[in-house]
Amino acid sequence: MLLQKLNDLGIWRQRVSVFGHVFRTSTLDRLASLFLHKFGILGREEIGILRRFVRNGMTVVDIGANQGLYTLLLAELARPGKIHAFEPHPMLYQQVVENLRENRIENVECHQTALSNSTGFLTLQLGHLNLGDNYIVADGAKVSVTAQVPAATLDDLFEGTKIDFLKIDVQGWEAAVLAGGRSVLEENPKIILLFEFWPYGLRRAGVDPQAFLSYLIELGFSIYGLSKSRLVLLQKKVLPNQSTELAYCNLVALRN
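Okay, so the sequence shown: first residue is -15 according to the numbering used here, each after it adds one.
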């Protein structure tokens, strides 16, 4: 409780310039995240992939926008294309909106909604000391501080729409997001996916990690890991090498 109060102190409400944009933040952990990205300690892989694949005029869906760090970069890279940013956490959603306003960015539409495999409401576990670790709770799981958030599917919102790029970082809920977007994935043969692969988070959500990757392969995607900024094709039915179950990595899925 004391650490949470420290994390929420008003002194952390600072303005920080990262990637040429000004961000306002409200907690110590989010301020630390900005500085870690500013100095290249975090985000190098993700930023390299975004700069490599996102082009002017693209339509991009940012799922798990957090405070909008990558959202604003995507808006710049895809301009005049459209960015759809999804962030169900109430405070973080407001931060995204404020950061877009602060930087006068107009090609982003924000959605205070979780994406999943069905519509309705979901339980969001709220991170105590790390607002980068909010996650959707599987049915029956015992959790502490939560919020009920609206949920939609990619197919509900974007079926029949040209989508060029998906960036997904939802702490293990990635399989549900993409299960709810099968039509979108099938209708867009050139779509590119950048997503976090975290076996522990997937299993916590009731998903077998190999089955998740197999779903994408069945839809015609090749899956690549990253090694020193190079894309490395993963063999079918071979999980990325993780030193521990809690480790995670970024993967890219695209059709050749």
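By construction, the Cβ of each residue, glycine as well, lies at the ideal position given by its N, Cα and C atoms. As the structure is a prediction and not an experimental result, all values here were calculated from the model.
Check your understanding: Whose C-beta lies closer than 6 Å to the C-beta of Arg(-3) among residues of the same chain, with five residues either side of it excluded?
Key -> Ser10
Review point. Tell me which same chain residues have a C-beta within less than 6 Å of the C-beta of Arg35, skipping the five on either side of it?
Key: none
Review point. When you compare only the Cα positions, how much space is there between Val133 and Gly111?
Key: 15 Å
Point to revise | At least three beta-carbon pairs within less than 8 Å, the stretch 56 to 71 to the stretch 12 to 26 | key: no
**Study point:** Span of the alpha helix (DSSP H) around Phe19
**Key:** Leu12 to Lys22
Point to revise | Cβ neighbours of Trp157 in the same chain (closer than 6 Å, five flanking residues each side left out) | key: Ile120 and Ala189
**Study point:** Residues sharing a beta bridge with Asp117, DSSP
**Key:** For Asp117, which the question treats as bridged, DSSP gives no partner whatsoever.
Point to revise | Span separating the alpha-carbon of Ile175 from that of Glu86 | key: 30 Å
Check your understanding: If you draw a straight line from the alpha carbon of Glu90 to that of Ala59, how long is it in whole angstroms?
Key -> 9 Å
Practice item. Report back the beta-carbon spacing between Val0 and Phe19 to the nearest angstrom; my notes put them in contact at under 8 Å. Key: 7 Å
Check your understanding: Going along the chain, which residues of its own chain have a beta-carbon closer than 6 Å to the beta-carbon of Leu238, five neighbours each way excluded?
Key -> Ile176
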